[in-house]
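Written below as structure tokens is the structure these notes are about.
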Amino acid sequence: MSATGVPQYHRLVAGGVLAAAAPALLPESADERGPGRAPCGGGPSRRPGPGPDAGGTVATAYDTVTVALRHGLETVDILRLRRACGAVLQSRSGATVTFLVPAGTSATWHLPGSSCSAGAFLPPPTDPRWVMPPAGADCAARPTDAWVLRSALCEAACTLTAGGLGPF
């Protein structure tokens, strides 16, 4: 939360949502990234595939849960406080947020206000649409546990409704 009381969802780091907005603040070479820090690459669950961005991958090890932007960002805050947030993407239009969940979740997902789809298109880890980018030594996208996500989505809906920002 900033001094104005507005939650701060974005980080000015390579792969963060505001990375494209402030390219001068980002490292441009491996020397500036520091010793032993290489750019993120694909993890074992990725394979090259078609997509709207060159270099993206289609991952069959993930499903995606999509919700409206405000609901999704509130959920990200809840999950981050619990240290349970996996990789999260914002849509190209900026109207929705997509959470990566384990494959198979779409078969049992039934939560009003959200949709769950099988498979996932993953842009490169440096894409500015990542709200929570892939992290770790291999920069693999970590999914959010589906039932933890469901609980956080319900809590976020209650919080937003209590604050006069719902229903969705």
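The sequence shown begins at 42 in the working numbering and counts up by one. Just so you know, even glycine gets a beta-carbon here, dropped at the ideal spot from N, CA and C. Owing to the predicted nature of the structure, the values given are computational and were not obtained by experimental measurement.
Indicate whether the contact test is met: 3 or more Cβ pairs, each with one atom in the stretch 165-175 and one in the stretch 194-204, closer than 8 Å.
no
Beta carbon of V108 nearer than 8 Å to that of V138
Yes; because the gap between Cβ atoms is below 8 Å, this pair is in contact.
Would you list the residues sitting across from A245 in a DSSP beta bridge?
Residue 245 is absent from the model: the chain starts at 42 and stops at 209.
Which complete beta strand (DSSP E) runs does the stretch 162-196 hold, if anything under 3 residues is left out?
171-173
Report the rounded CA-to-CA distance for I119 versus T200, giving the unit in angstroms.
Whole-angstrom Cα-Cα distance: 10 Å.
I believe T185 touches F140 by the beta-carbon criterion, under 8 Å. Please report the beta-carbon distance rounded to the nearest angstrom.
5 Å
I'd like the span of the beta strand (DSSP E) that includes L152, first residue to last.
Element bounds for L152: n/a, residue is neither H nor E.
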